[in-house]
Amino acid sequence: MNPDAKMFYREGVCEAVVGNYDAAEYFLLKSIEIDPVVPGYATLGWMYGSILDRNEEAFRCFRKAIRLNPENGDLFNDCGALLLKMGFIPESIKWFHRSIRSPQCSKRHLAFYNLALVYRSGNRPERSCRYLHLALRQRPDFDQARRLLREIRNHDVTAGRESEHS
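So in the numbering used here, the last spot in the sequence shown is 400, and the numbers never skip.
Structure below.
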């Protein structure tokens, strides 16, 4: 990354951390203007989607980052998570699978977890559990996945008892 772009990028991240999102956006855009690189677009996309609820702009930022590095699976997961948040479930599933298949994916466990959430909401506990097991295989200390797996199993046991008494 160009040294000036890096300076603006760092300033943008610092502003985002303390909640100054207008300033963060300014510095991140300035960074991208100087040197359009994946971290700038990805961070701006994260801020737009996760904090500012500017989902279309977030998706555009992630797509630009993907054009710069089409092997980065973390970006595919970010797109999938954003589409899931927007209610585009079938589209989100495609992005999560792209993330899983990507050669560069440091957060593959999150794509598996997100797929588990999708299938849990679709009342597919067996498929949800399968993806949670895959997430835990990737990252054994992933407590959120472990809790969700326990919750699904407990619900299945409870539901089984209720049907026995019907």
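Glycine included, C-beta positions come from ideal geometry on N, C-alpha and C.
Helix, strand or coil, according to DSSP, for residue i in the structure here?
i    : result
E249 : helix
N254 : coil
R384 : helix
Checking the sheet assignment: what are the DSSP bridge partners for residue i?
i    : result
N306 : Q338
Would residue i and residue j be called neighbours here (beta carbons separated by less than 8 Å)?
i    : j    : result
F330 : N303 : no
L316 : A292 : yes
R354 : I386 : yes
M281 : Y255 : yes
P337 : E305 : yes
Hey, quick one: how far does the alpha helix (DSSP H) through residue i stretch, first residue to last?
i    : result
S270 : Checking the displayed sequence, the identity of residue 270 turns out to be Pro instead of Ser. Taken as a continuous stretch (DSSP letters only), P270 belongs to no alpha helix (DSSP H), as it is neither H nor E.
L370 : P359 to Q372
Let me make sure I understand the geometry here. Which of the options has the alpha-carbon closest to that of residue i?
i    : options                   : result
S340 : A369, E290, D308 and L262 : D308
P374 : F346, C295, Y282 and M281 : F346
D238 : V251, N311 and G274       : G274
E290 : F310, F261 and G279       : G279
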